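Numbering-wise (the numbering used here), the sequence shown opens with residue 315 and increments by one. All residues carry an ideal CB built from backbone N, CA and C; glycine is no exception. Note that the structure is predicted; figures quoted are calculated from it, not measured.
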Amino acid sequence: MPPKKRMTKARQEAKERTFKKASEKDRKLRGFYKPIELGAKGVVKIDGVNVDFGQSMPTWDMEGERWHLNVRYGNKDFYHVTSEGTKKMRYWFKSEGGRLVGGLPASNYRSSVGGTHHMFGDLPDKVKLFVERNWSELLGGV
């Protein structure tokens with residue numbers, strides 16, 4: 315089997331623009347992702363949002379994107395919420411006494427997971443509030 319061709323930068327940017335322009339309904343219809351449906355194995359409703367615990371990380375759809383919370387493979391003190399769009403964006407934080415505080419782990423760890431890296435406070439407000447309000451439930455399902 316021949317090696318997989320790398321996507322050119324222009325092609326990647328075009329794919330990202332297409333993804334951003336597509337409404338959530340269009341994304342579902344075009345196969346960008348399957349919706350997370352209540353009743354499927356490992357899916358529970360938290361704060362009105364269907365969260366899939368069937369994978370290794372809690373995953374949900376919000377703000378027209380798919381998100382997951384990485385609590386298992388963090389760098390000891392750090393966790394991150396990832397936007398699973400065409401370009402993975404990670405939003406890093408620590409839990410300090412039940413409060414979620416933005417921070418970044420060492421650069422060598424960040425480079426090992428790829429994508430772009432941001433502080434927790436840079437998350438869209440709705441996503442940030444969802445994680446803050448439901449932190450213990452999101453941890454409990456893993």
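Cβ shell of residue i (< 8 Å), same chain only, five flanking positions each side left out
i      : result
Leu343 : Its pLDDT being 48, under 50, Leu343 is placed unreliably in this model, and the value from its coordinates should be taken loosely. Correct list: empty, nothing qualifies.
Arg433 : As written in the sequence, residue 433 is Met, which differs from the Arg given in the question. Hits under 8 Å: Tyr405, Trp406, Phe407, Gly416, Gly417, Leu418.
Gly429 : Thr396, Lys401, Lys402, Met403, Arg404
Val385 : Met371, Pro372, Tyr393, Leu452, Leu453, Val456
Glu351 : Val357, Asn364
Ala284 : There is no way to answer for residue 284, as the model of the chain reaches only from 315 to 456.
Own chain partners of residue i with C-beta closer than 6 Å, once the 5 adjacent residues on each side are dropped
i      : result
Thr373 : Asp366, His382
Thr322 : none
Cβ separation of residue i and residue j, assumed to be a contact under 8 Å, to the nearest whole Å
i      : j      : result
Arg447 : Asp361 : 6 Å
Met376 : Val358 : Not really, about 15 Å apart at Cβ, beyond 8 Å.
Glu398 : Arg380 : 4 Å
Neighbourhood of residue i by C-beta distance below 7 Å, restricted to the same chain and skipping five residues each side
i      : result
Asp436 : Tyr405
His431 : Arg404, Trp406, Leu418, Arg424
Phe444 : Asp361, Val363, Met376
Pro438 : Glu377
Residue i - partner residues in DSSP beta bridges
i      : result
Arg404 : Thr396, His431
Ser409 : Leu414
Asn448 : Answer is none; Asn448 lacks a bridge partner.
Arg325 : The partner list for Arg325 (beta bridge, DSSP) is empty, contrary to what the question assumes.
Leu383 : Val395
With 16 other Cβ atoms within 10 Å as the buried cut-off, status of residue i
i      : result
Gly356 : exposed
> At which residue ranges does the region 344 to 375 contain complete beta strand (DSSP E) runs of 3 or more residues, listed in the order of the chain?
Replying inline: 357 to 360, 363 to 366
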